[in-house]
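Have a look at the structure below before the remarks.
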Amino acid sequence: MAKNNSIILKIVAGLVVLAVLYFGGNAVFNNNTSETGPIKIGYIGPLTGPSAVLGMDAVKAVEIAVSEANAKGGIDGRQIELLIEDDQYLTKNTVSAYDKLVHTDKVKILLVASYGGMFAVKDRALRDDVLIINPLDCNKDVADADKNILCLATETESIGRVLAGQMLDEGRETAGIMYSTKDTFMALVADSFKKAFEAKGGKVLVESFNYEDDDFRTQILKLKEMEVFVLLGHDEVGLIMKQVGTLGMDKPFFTTGTITSPVAQELAGGNEEDTVFAFWEADAKNQKAKEFNDKFTKLVGRGPILSLTTHPAYDVVKILTDVVLPKTKSTDADKVKAELLKVVNYEGVTGKVTFSKEGLAPIQEKAFRLMGGVPVKI
Amino acid sequence: MEYLIHIGILIGIYSILALSLNLTVGFTGLLSITQAAFYGIGAYVTAILLTSYGMNFFLSILVGMFISGVISFIIGFVLSRFDGDYFALGSFGFNIIVYSIFLNWQSLTRGPLGIPGISKPELFGLDFNENIVFLGLVTIFALLAYLLSEFIVNSSFGRVLKAIREDEKVIQVYGYNTLFYKLTIFVIGATFASIAGAFFASYITYVDPSSFALSESIFILAIIILGGLANNKGAVLGAFCLIILPELLRFVGFSSDIAAQMRQVTYGLILVLLMLYRPQGLLGEYKL
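In structure tokens, the structure reads:
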């Protein structure tokens, strides 16, 4: 027992000393918050775990924007410092990362790319005078300028509307949806599709599947009477397409931009051809987007996997460093928010960016068709 | 300071969870992998009652405990037919069922969209909006959970639990109805977990199914294995270590390109090393 107590004391004492040294040291020495020292911008998103694809490229995009600002001399001679925290797309971790960045590193401007985590830190942001910008999801549930939450990203619901609109244009009357329950994103898309399609008299049947599933035949057979399949998931969508083919069905597929993923296409085994999908990619004539793509490819060794994760994140930081911070000269949340809400038709890599008074700068997706593995705008 | 308070609150919540699971796994020897289900039930009950009915937080805890108690009684009764690995598999299945209900009963739980806007506790005009006050409240409940666990395991009831863990057949020979003991401790553990869930919901202000997946049950099990089975101090110590360790690793100066990945690798490596050198856990009195 005495030996046990000694172990407790050693471990607890060791961890407490480490905690005090790290947390306390950072709190004491990181007080150059607003007027002196580097201007800090934080990023919280999934960098590891199954949702890492939503964050890993976005971080690179943000790093490019920050390095561009610093190469120009920063803001009034102050460099921009980027602080990155991984939350694995888990709400609890988003809050931990938020508290670390805000209270220990004294960050006042944060990019948060986790849907549930956004809601968890909403009230905290207002209390702590922190401004949060979501570069991944943008809708009325996410943005709340009164609570210091803004968004510049693809509008999640627009994906459902685009798919429903295209289906109606093709004269389709029934659709079977299969969506992944891994995160809120696909559920939101399924919901918006259902509303838009049913509003025009369409009939919808809905089935869901878990992230780890690899056998979808039960759901497929339940939906076999439907004219088309709407597949809302990540790379596993390719596997579903293959299993539909294996079951001898010849159904048109409607899905999201994840079908552009080489893994999804490999899994689909040729069944993905002619798939209609909602997608966003930068305008081919957008020179800034071309330059960004070149820089990204040079840094990472390949192009962005999902443009909707990288381009909005890049634009958020560019707007901050090129337009907002030179005017506010501080990271005061109210001042930065006020300047952001004045942004009208900013020419960014995502196109012309304008924030509404509610804090939304949504990007609309468009309908594409996959032809020979390449997206072709419809 | 706020960051430390935040970590303190998480340690408090996970201490309650670890203590609750230790009663079932550590002291009774029932390898349950379903604690996240009761944790989730407590969280969702509080979330729904606070956001939809404006109920008082403390009343919602009682409702959550009651619902978790009833469900755990039914599940425990079913699981009581199994022993050892089969019990673990059955409890594993129950966690998946509850997780699926959180995901798919959309009219009640909002499915994967989760429930936002959960308020902080209030009692007789005193609110717990400040995190430091909330920490005090969680600490009181964690302390109560600890004292109650100590009382249970040191009572004659607790001695029977340990006897069941060591050899159930022998204790049955002495005329003890082991089903009653196993069921009772399973229900008590579930109600403790639902209290932790209520605190989690109110503190984070948002719940969604991903917080109560199977991986969370395994995390709670890892806490008590690391801290040491059948030792309440070990459960609290395990919660302390497994919550604070990944946070400390945020401050290790890895290059930003690999920082997130290195945190995961280092975290795993430390756990492996700990288990190599202390397979019975830090303060363990029993090995699975």
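Quick note, the sequences are listed as chains Y and A, same order. Plus 169 on top of the position in the first sequence (first one is 1) and you've got my numbering. Plus 135 on top of the position in the second sequence (first one is 1) and you've got my numbering. Backbone N, C-alpha and C fix where the C-beta goes; we use that ideal spot for every residue, glycine too. Small disclaimer: the values here were computed from a predicted structure and weren't measured.
Sorted by chain position, which residues of the same chain lie with C-beta nearer than 8 Å to residue i's C-beta, five sequence neighbours on each side aside?
i                 : result
Val469 of chain Y : Asp226 and Lys229
Leu270 of chain A : Ile140, Gly143, Ile144 and Gly147
Pro344 of chain A : Gly175, Tyr234, Phe237, Leu238, Thr244, Gly246, Pro247 and Gly249
Phe389 of chain A : Met397 and Arg398
Asn455 of chain Y : Val518 and Gly520
Thr523 of chain Y : Val512, Val513, Asn514, Tyr515 and Ala530
On the DSSP letters alone, give me the boundaries of the beta strand (DSSP E) that residue i sits inside.
i                 : result
Lys372 of chain Y : Lys372 to Phe378
Met540 of chain Y : Lys535 to Met540
Met347 of chain Y : Thr343 to Ser349
Leu280 of chain Y : Ile278 to Val281
Leu252 of chain Y : Ile249 to Asp255
Thr387 of chain Y : Careful: Thr387 of chain Y lies outside any beta strand (DSSP E), inside the alpha helix (DSSP H) at Arg386 to Lys391.
Asn303 of chain Y : Leu300 to Asn303
Phe448 of chain Y : Val445 to Phe448
Arg530 of chain Y : It is worth fixing the name first, because residue 530 of chain Y is Ala in this sequence and not Arg. Element bounds for Ala530 of chain Y: Leu529 to Ile532.
Lys521 of chain Y : Gly520 to Val522
Near residue i, what residues of its chain come up, given a Cβ to Cβ distance below 6 Å and the 5 sequence neighbours on each side ignored?
i                 : result
Tyr348 of chain Y : Met355, Ala359, Ser377 and Leu401
Thr326 of chain A : Met200, Ser203 and Gly204
Leu337 of chain Y : Lys369
Thr340 of chain A : Ile253
Ala238 of chain Y : Ile249 and Thr490
Residue j and residue i - do their beta-carbons sit closer together than 8 Å?
i                 : j                 : result
Thr401 of chain A : Leu384 of chain A : yes
Thr274 of chain A : Gly177 of chain A : no
Leu408 of chain Y : Asp383 of chain Y : yes
Val545 of chain Y : Leu321 of chain Y : no
Asn157 of chain A : Leu349 of chain A : no
Asp440 of chain Y : Gly414 of chain Y : According to the sequence shown, residue 440 of chain Y is Asn rather than Asp. Yes. Within cutoff.
Glu339 of chain Y : Gln533 of chain Y : no
Phe193 of chain A : Leu258 of chain A : yes
Thr500 of chain Y : Ile278 of chain Y : yes
Lys496 of chain Y : Ala234 of chain Y : no
Val492 of chain Y : Val512 of chain Y : yes
Ile358 of chain A : Ala182 of chain A : no
Glu442 of chain Y : Leu295 of chain Y : no
Gly369 of chain A : Gly419 of chain A : yes
Glu285 of chain A : Asn367 of chain A : yes
Counting only the same chain and skipping the five closest in sequence on each side, list residues whose C-beta sits under 7 Å from that of residue i.
i                 : result
Ala221 of chain Y : Pro215
Val322 of chain A : Gly204, Ser207, Phe208 and Gly211
Asp256 of chain Y : Ile213, Gly214, Pro215, Asn262, Thr263, Ala266, Ser283 and Gly286
Ile360 of chain A : Gly416
Met395 of chain Y : Thr343, Ala344, Gly345 and Leu374
Tyr179 of chain A : Phe237, Thr244 and Val342
Ala549 of chain Y : The question about residue 549 of chain Y has no answer here: the residues shown for chain Y are numbered 170 through 547.
Lys504 of chain Y : Thr497
Within 8 Å of any Cβ in chain A, is that where the Cβ of residue i sits?
i                 : result
Thr550 of chain Y : Nothing about residue 550 of chain Y can be read from this structure; chain Y reaches only from 170 to 547.
His272 of chain Y : yes
Ile253 of chain Y : yes
Asp306 of chain Y : no
Ala227 of chain Y : no
Phe288 of chain Y : yes
Gly528 of chain Y : no
Asp352 of chain Y : yes
Asp315 of chain Y : no
Gly569 of chain Y : One cannot answer for residue 569 of chain Y here, as it falls past the ends of chain Y, which runs 170 to 547.
Asp292 of chain Y : yes
Val197 of chain Y : Note that Val197 of chain Y scores 49 on pLDDT, short of 50, meaning its location in the model is unreliable and no value can be drawn from it.
Just to confirm the assignment, what range does the alpha helix (DSSP H) spanning residue i have?
i                 : result
Lys209 of chain Y : It is not in any alpha helix (DSSP H) - Lys209 of chain Y instead sits in the beta strand (DSSP E) that spans Ile208 to Gly214.
Leu319 of chain Y : Not the alpha helix (DSSP H): Leu319 of chain Y falls in the beta strand (DSSP E), residues Ile318 to Thr323.
Val400 of chain A : Ala394 to Tyr412
Phe193 of chain A : Phe192 to Leu214
Gly332 of chain A : Thr313 to Ile339
Tyr515 of chain Y : It is not in any alpha helix (DSSP H) - Tyr515 of chain Y instead sits in the beta strand (DSSP E) that spans Tyr515 to Gly517.
Does residue i come within less than 8 Å of chain Y when only Cβ atoms are used?
i                 : result
Gly246 of chain A : yes
Ala395 of chain A : yes
Met200 of chain A : no
Leu238 of chain A : yes
Tyr311 of chain A : no
Glu382 of chain A : yes
Members of the region 399-413 of chain A that neighbour chain Y once the beta carbon cut-off is set at 9 Å: Gln399 and Arg413
By the 9 Å beta-carbon criterion, what residues does the region 356-385 of chain Y contribute toward chain A? Ala356, Leu357, Asp360, Ser377 and Asn379
Return the residues of the region 332-366 of chain A that lie within a Cβ-Cβ distance of less than 7 Å from chain Y, sorted by chain order. Ile339, Thr340, Tyr341, Asp343, Ser345 and Ser346
Counting only Cβ-Cβ distances shorter than 8 Å, please list the residues of the region 256-283 of chain Y near chain A, keeping chain order. Tyr258, Leu259, Thr260, Lys261, Val264, Ser265, Ala266, Asp268, Lys269, Val271, His272 and Thr273
At a Cβ cut of 8 Å, what residues of the region 163-186 of chain A count as close to chain Y, listed as they run along the chain? none
For the region 332-347 of chain Y, which residues have a beta carbon sitting closer than 7 Å to at least one beta carbon of chain A? none
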